[in-house]
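Numbering (our numbering), first residue to last: 1481 to 1807. Every residue gets a Cβ at the ideal spot worked out from N, C-alpha and C, and that includes glycine. These notes concern the structure reproduced below.
And the structure:
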């Protein structure tokens, strides 16, 4: 019902509309960035509970979670770590452009900017109907669904209504004359985690080793993962996810998380001390180009020029402190 309207809307930005072979898949695990736009557009134009509003949200508070989300989308669009540090590579420009279009077409819930949403605000948004879709970790999924305890009661009136899927595949907004995306990315985002370490100065390192082994034994890890949503790292648990977690919603979350880890192929944020400064630079660019830049030209070339003039120099200044050979 909305196909012609969506085509005309996208035509303003890529002179074509939806890709020539586009199909809105029923399975969100098959989605790409055009499917996100389509779902968000329909949700924002229909009334739910007598209210019409944007129902997609992501972290927008100026903190590491928001910076990570921006890098994740750039990686999905095909960026490498070097492209992230260059900041004006095509996949990075694609990331800012998609975000600018989502904001300009009012597909992102404006409260995420006005109220500076972090993860907890999005959890509440799922509970009160403000949010229908967001990029969340498996730990977020546990908080949203709840595990039946007073500490984690969940936010959904009907927890069975929660669905999870791997990240959407990156596609450039720009198409060739045949209606084919100029750049096709992946479903990969960054992988992060926590690690155990024993200081060299430890007077009894063997005690630290025994403690780490005890905490990560099979039974303790099952209890930890089923309580907090941590992805198991023990091979014996990963090979028997359905058996260990009962085959319900919890198993579904872990199965999708395991599939996403395969998609990620060891992708990480740039491993350097200056990473947080890089992230701050990305958030500054995001608010400048995508949020505050409503109504301005958000063509590919214009966004690339803004990045090169305002933010690439900042990026180079950050990196040259210790990495003079980096771009």
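- request: May I ask which residues mark the beginning and end of the alpha helix (DSSP H) holding residue 1522?
  value: Here residue 1522 refers to the residue found at position 42 of the chain shown. Its alpha helix (DSSP H) spans residues 1513-1525.
query: Should residue 1640 be counted as a contact of the ligand ADP given a C-beta to heavy atom distance under 7 Å?
result: Ligands in the displayed structure: none, and consequently the ligand ADP is not present.
- request: Mind checking who residue 1661 pairs with in its DSSP beta bridge?
  value: Translated into positions along the chain shown, residue 1661 becomes position 181. Beta-bridge pairing links residue 1661 to 1655.
task: Using DSSP bridges, identify the partner residues of residue 1536.
output: Walking along the chain shown from the start, residue 1536 turns up at place 56. Beta-bridge pairing links residue 1536 to 1588, 1613.
- request: Check whether the Cβ atoms of residue 1574 and residue 1663 sit closer than 8 Å, and answer yes or no.
  value: As a first step, residue 1574 is located in the chain shown; it is residue number 94 there, counting from the start. As a first step, residue 1663 is located in the chain shown; it is residue number 183 there, counting from the start. Going by C-beta atoms, residue 1574 is nearer than 8 Å to residue 1663.
message: Using the three-state DSSP reduction, which class does residue 1528 fall into: helix, strand or coil?
response: Residue 1528 sits at position 48 when you count from the first residue of the chain shown. Residue 1528: strand per DSSP, three-state reduction.
task: Please check the pair residue 1549 and residue 1615, which I expect to be a contact at CB under 8 Å, by giving their CB distance rounded to whole angstroms.
output: Residue numbering aside, residue 1549 sits at position 69 when the chain shown is read from its first letter. Residue numbering aside, residue 1615 sits at position 135 when the chain shown is read from its first letter. The Cβ separation is near 6 Å, so the contact holds.
message: I need the DSSP call for residue 1784, collapsed to helix, strand or coil.
response: Stepping through the chain shown from its first residue, residue 1784 is reached at position 304. Three-state result, residue 1784: helix.
- prompt: Can at least three beta-carbon pairs, one atom from the segment 1500-1508 and one from the segment 1727-1746, be found at a separation below 8 Å?
  reply: no
Contained alpha helix (DSSP H) runs [length at least 4] in the segment 1688-1718, N- to C-terminal order: Runs of the alpha helix (DSSP H) inside the segment 1688-1718: 1698-1708, 1715-1718.
message: If I measure Cβ to Cβ from residue 1761 and keep anything under 8 Å in the same chain, skipping five residues before and after, which residues do I get?
response: In the chain shown, residue 1761 corresponds to position 281, counting from 1. Same-chain partners within the cutoff: 1567, 1791, 1794, 1795, 1798.
query: Quick one: what does DSSP say residue 1794 is sitting in, helix, strand or coil?
result: By 1-based counting over the chain shown, the position of residue 1794 is 314. Helix at residue 1794.
Environment of residue 1546 [buried if 16+ CB atoms lie within 10 Å]: If you number the chain shown from 1, residue 1546 lands on position 66. By the neighbour-count rule (16 or more Cβ atoms within 10 Å), residue 1546 is buried.
- request: Given a cut-off of 8 Å, decide if residue 1714 and residue 1701 are closer than it, judged by their beta-carbon atoms.
  value: In the chain shown, the residue the question calls residue 1701 occupies position 221. In the chain shown, the residue the question calls residue 1714 occupies position 234. The answer is yes: Cβ separation under 8 Å.
task: Note the first and the last residue of the continuous alpha helix (DSSP H) segment covering residue 1757.
output: Along the chain shown, one-based indexing puts residue 1757 at 277. 1755-1766 is the span of the alpha helix (DSSP H), which, as asked, contains residue 1757.
- request: Kindly indicate the opening and closing residues of the alpha helix (DSSP H) around residue 1566.
  value: As a position in the chain shown, residue 1566 is number 86, starting the count at 1. From DSSP, the alpha helix (DSSP H) with residue 1566 extends over 1561-1566.
- prompt: Is it true that the CB of residue 1558 sits closer than 8 Å to the CB of residue 1665?
  reply: Here the question's residue 1665 lines up with position 185 in the chain shown. Here the question's residue 1558 lines up with position 78 in the chain shown. At the C-beta level, residue 1665 and residue 1558 come within 8 Å of one another.
task: Could you check what DSSP says for residue 1649 in three-state terms: helix, strand or coil?
output: In the chain shown, the residue the question calls residue 1649 occupies position 169. Three-state result, residue 1649: strand.
message: Does the contact criterion of 3 or more C-beta pairs under 8 Å hold for the segment 1532-1543 versus the segment 1598-1609?
response: yes
query: What's the C-alpha gap between residue 1711 and residue 1776?
result: For the purposes of this step, residue 1711 is taken as residue 231 along the chain shown, with counting starting at 1. For the purposes of this step, residue 1776 is taken as residue 296 along the chain shown, with counting starting at 1. Cα to Cα, residue 1711 sits roughly 42 Å from residue 1776.
- prompt: Are the Cβ atoms of residue 1612 and residue 1535 separated by less than 8 Å?
  reply: Taking the first residue of the chain shown as 1, we reach residue 1612 at position 132. Taking the first residue of the chain shown as 1, we reach residue 1535 at position 55. A distance below 8 Å separates the beta carbons of residue 1612 and residue 1535.
- prompt: Do the CB positions of residue 1582 and residue 1671 come within less than 8 Å of each other?
  reply: Taking the chain shown and counting its residues from 1, the one referred to as residue 1582 is at position 102. Taking the chain shown and counting its residues from 1, the one referred to as residue 1671 is at position 191. It is not a contact, given that the beta carbons lie outside the stated cut-off.
- prompt: What are the start and end residues of the alpha helix (DSSP H) that includes residue 1493?
  reply: In the chain shown, residue 1493 corresponds to position 13, counting from 1. Its alpha helix (DSSP H) spans residues 1483-1494.
query: With a Cβ-Cβ cutoff of 8 Å, do residue 1743 and residue 1646 count as a contact?
result: Taking the first residue of the chain shown as position 1, residue 1743 is located at position 263. Taking the first residue of the chain shown as position 1, residue 1646 is located at position 166. When the beta-carbon positions are compared, residue 1743 and residue 1646 come within less than 8 Å of each other.
- prompt: In terms of residues, what are the limits of the alpha helix (DSSP H) holding residue 1553?
  reply: Locating residue 1553 in the chain shown gives position 73, where the first residue counts as 1. Taken as a continuous stretch (DSSP letters only), the alpha helix (DSSP H) holding residue 1553 covers 1544-1556.
query: Considering only the beta carbon of each residue, do residue 1778 and residue 1584 sit closer than 8 Å?
result: One-based indexing of the chain shown puts residue 1778 at position 298. One-based indexing of the chain shown puts residue 1584 at position 104. Yes. Within cutoff.
field: Nearest-angstrom Cα separation, counted from residue 1780 out to residue 1528
entry: By 1-based counting over the chain shown, the position of residue 1528 is 48. By 1-based counting over the chain shown, the position of residue 1780 is 300. Cα-Cα distance, rounded: 34 Å.
field: 8 Å Cβ cutoff met for residue 1766 and residue 1576
entry: In the chain shown, counting from the first residue as 1, residue 1766 sits at position 286. In the chain shown, counting from the first residue as 1, residue 1576 sits at position 96. In contact: residue 1766 and residue 1576 (Cβ atoms closer than 8 Å).
Whole-angstrom C-beta distance between residue 1707 and residue 1721, which should lie under 8 Å: Here residue 1721 refers to the residue found at position 241 of the chain shown. Here residue 1707 refers to the residue found at position 227 of the chain shown. About 16 Å; that fails the 8 Å criterion.
field: Residues near residue 1685 by beta carbon distance below 7 Å, same chain, minus five either side
entry: As a working note, residue 1685 is residue 205 in the chain shown. Contacts found: 1678.
- prompt: How big is the Cα-Cα spacing for residue 1592 and residue 1603?
  reply: The residue given as residue 1592 occupies position 112 in the chain shown. The residue given as residue 1603 occupies position 123 in the chain shown. Spanning the two alpha carbons is a distance of roughly 12 Å.
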